């Protein structure tokens with residue numbers, strides 16, 4: 611009997627999602643252009659700042675990832691990684 615395993619560190623997985631790739635995958639799933647546009651506006655051009663002791667940092671731009679704590683975040687992540695097994699090839703030898 612052979613056993614194979616691939617370990618993936620998903621600690622910051624939601625932060626690493628490439629918006630362009632995700633939107634392409636959503637398009638391939640058959641979502642309408644209107645829905646793709648809505649999701650693009652939801653994901654892209656987000657900004658953030660840090661508040662420490664009432665001192666605000668400069669505004670930063672978020673280039674990748676999905677909003678954490680959202681209902682859509684886990685679903686978008688699963689769609690993003692759904693075809694990951696297609697990208698992995700291996701040969702197991704005795």
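Numbering (this note's numbering), first residue to last: 611 to 704. Even for Gly, the Cβ is constructed at its ideal location relative to N, Cα and C. On a predicted model such as this, the values are computed, not experimentally measured, just so you know.
- Beta carbon of residue 632, beta carbon of residue 686: below 9 Å? Here residue 632 refers to the residue found at position 22 when the chain shown is read from its first residue. Here residue 686 refers to the residue found at position 76 when the chain shown is read from its first residue. For residue 632 and residue 686, yes; Cβs fall inside 9 Å.
- Query: Mind pulling the alpha helix (DSSP H) runs of 4 or more residues that sit fully within the stretch 648-696?
  - Reply: 682-691
- Where the alpha helix (DSSP H) through residue 635 begins and ends: Reading the chain shown from its first residue, position 25 is the one you call residue 635. Run containing residue 635: 629-638, per the alpha helix (DSSP H) assignment.
- Message: Between the alpha carbons of residue 666 and residue 673, how many angstroms are there, rounded?
- Response: As a first step, residue 666 must be located in the chain shown, where it is residue number 56. As a first step, residue 673 must be located in the chain shown, where it is residue number 63. Each residue's alpha carbon lies about 20 Å from the other.
- Message: Using 9 Å as the threshold, is the C-beta distance between residue 637 and residue 646 below it?
- Response: Here the question's residue 637 lines up with position 27 in the chain shown. Here the question's residue 646 lines up with position 36 in the chain shown. Yes, they are a contact pair.
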